[in-house]
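To start, the structure under review is shown below, and the notes come after it.
In our numbering, the protein residues as written are 98 to 560.
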């Protein structure tokens, strides 16, 4: 496409693209925006090396003039985006890219790859942490993540969603995430017996000892041997930190383990549960009276598994070219895109809770009391609550290909996410049949969309 735009003389035509998704992941009531800093790093450093140009030339597809064009190609556009950790919903522009047609079109795949995946994982992490309540959650997903790069993105995005530690040491090094972990079953099996293996591990890590207790029999062998080691550590001035259960009936095993440690005089020992944990498993453990202090969440977090999960259906659509607003037309008006440059506003109640989000045209002013429209059902119209405060959700974060704002810390993003979730309508946090948060458009934006649809219909069948 880039070569085609150059050939057609369209490569310098101004263009605007929106990145958004239509449906919340996991059939849930919200998503958590993530991936912006990674995306901005990509845009700032975008360039073609000599080796890459030589490879493209060797394909026999592109003309020499195009390869020379690529030699000096850089992203020099503008990006408007939400802050990472913001609760977002279907149809809303997460970020908008403005630039030449060449540069704005070329970055589509990379931006979708980054934002789709990290937003999916941040959302999954937020759902898991919400269900876990006061229990801690550790990200254990590297072994099942989609490659090493995917593993790093998982750790980063999961932190934004509320998972504040990882077993991925490289992610700890790159992003400053606290690292935590335990030994594997192979450690136990490498020694003559379980007790010997426990003692050896306690000797190496006397102040950070968490023992995996389900290699042979959790209650008949693992917990009794762990209690023996706990007593030996205490006699030396140390304390056993915890035990991990990685199989079986986690609710029952955690209850019995808690009872056994309490009766032995070790109420501070933490019970860690792992093995295909997600928000639904946690809900089941809690409903059955489980006594888990820490959840190690791996496969289902790292791969975004779950009903309606696996991938975020983010799309990247042209909304303006030159001076002309554009939209994708479909027989289903609910799936037609929203044209032109836009503002994204959030109506906030006096108590700080979120009421609805509204999209308007870029230069349009909106006030409390104005009528707004459901873009999926234009017959559904209602006023913005008169007592609402309207907040601008997005800001310009890049201009002429350079950042305008310093990077935020992951801690700031994670705290924003936690705060935002407390301000959503309560039903939005339900995992089954969640409340549908209202996302509306202004009357002017709706009128523009209808006008463009009508103009497009007139042109059907014309050359």
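Virtual Cβ for every residue (Gly too), placed ideally from N, Cα, C. The model shown is predicted, which means the values in this text are computed figures rather than measured ones.
{"Query": "Residue 234 and residue 261 closer than 9 angstroms at C-beta", "Result": "yes"}
{"Query": "Residue 341 and residue 374 closer than 9 angstroms at C-beta", "Result": "no"}
{"Query": "Residue 195 - DSSP class collapsed to helix/strand/coil", "Result": "strand"}
{"Query": "Boundaries (first-last residue) of the alpha helix (DSSP H) holding residue 354", "Result": "347 to 360"}
{"Query": "Local conformation of residue 379 per DSSP, three classes", "Result": "helix"}
{"Query": "Among 232, 168 and 456, the one whose alpha carbon lies nearest that of residue 148", "Result": "168"}
{"Query": "Distance between residue 178 and residue 107 (C-alpha atoms, nearest Å)", "Result": "26 angstroms"}
{"Query": "Endpoints, beta strand (DSSP E) assigned at residue 114", "Result": "111 to 117"}
{"Query": "Buried versus exposed call for residue 302 [16 or more other C-beta atoms within 10 Å across all chains shown]", "Result": "exposed"}
{"Query": "Buried/exposed call for residue 286, threshold 16 Cβ in 10 Å", "Result": "exposed"}
{"Query": "Cβ neighbour criterion (16 or more within 10 Å) applied to residue 134", "Result": "buried"}
{"Query": "Contacting residues, own chain, Cβ-Cβ under 6 angstroms from residue 249 (five flanking each side not counted)", "Result": "268"}
{"Query": "Local conformation of residue 416 per DSSP, three classes", "Result": "strand"}
{"Query": "Inside the stretch 223 to 309 only - alpha helix (DSSP H) runs reaching at least 4 residues", "Result": "244 to 258, 266 to 272, 282 to 286 and 291 to 301"}
{"Query": "Residue of 324, 401, 186 and 346 minimising C-alpha distance to residue 517", "Result": "186"}
{"Query": "Buried or exposed by the 16-neighbour rule on C-beta atoms within 10 Å, applied to residue 322", "Result": "buried"}
{"Query": "Through-space distance from residue 194 to residue 408, alpha-carbon basis", "Result": "22 angstroms"}
{"Query": "Residue burial classification, residue 548 (beta-carbon count within 10 angstroms, cutoff 16)", "Result": "exposed"}
{"Query": "Presumed contact (8 angstroms Cβ cut-off) between residue 392 and residue 229, rounded CB distance", "Result": "6 angstroms"}
{"Query": "Assigned exposure category for residue 478 - 16 Cβ within 10 Å defines buried", "Result": "exposed"}
{"Query": "CA-to-CA distance, residue 316 to residue 449, given in whole angstroms", "Result": "48 angstroms"}
{"Query": "Under the three-state DSSP convention, the category residue 480 falls into", "Result": "strand"}
{"Query": "Residue 106 Cβ short of 8 angstroms to the ligand PLP heavy atom set", "Result": "Looking for the ligand PLP in the displayed structure turns up nothing, as the structure carries no ligands at all."}
{"Query": "contact_flag[the stretch 487 to 507, the stretch 440 to 447] where n(CB pairs < 8 angstroms) is 3 or more", "Result": "yes"}
{"Query": "Nearest residue (CA-CA) to residue 351, options 336, 386, 291 and 213", "Result": "386"}
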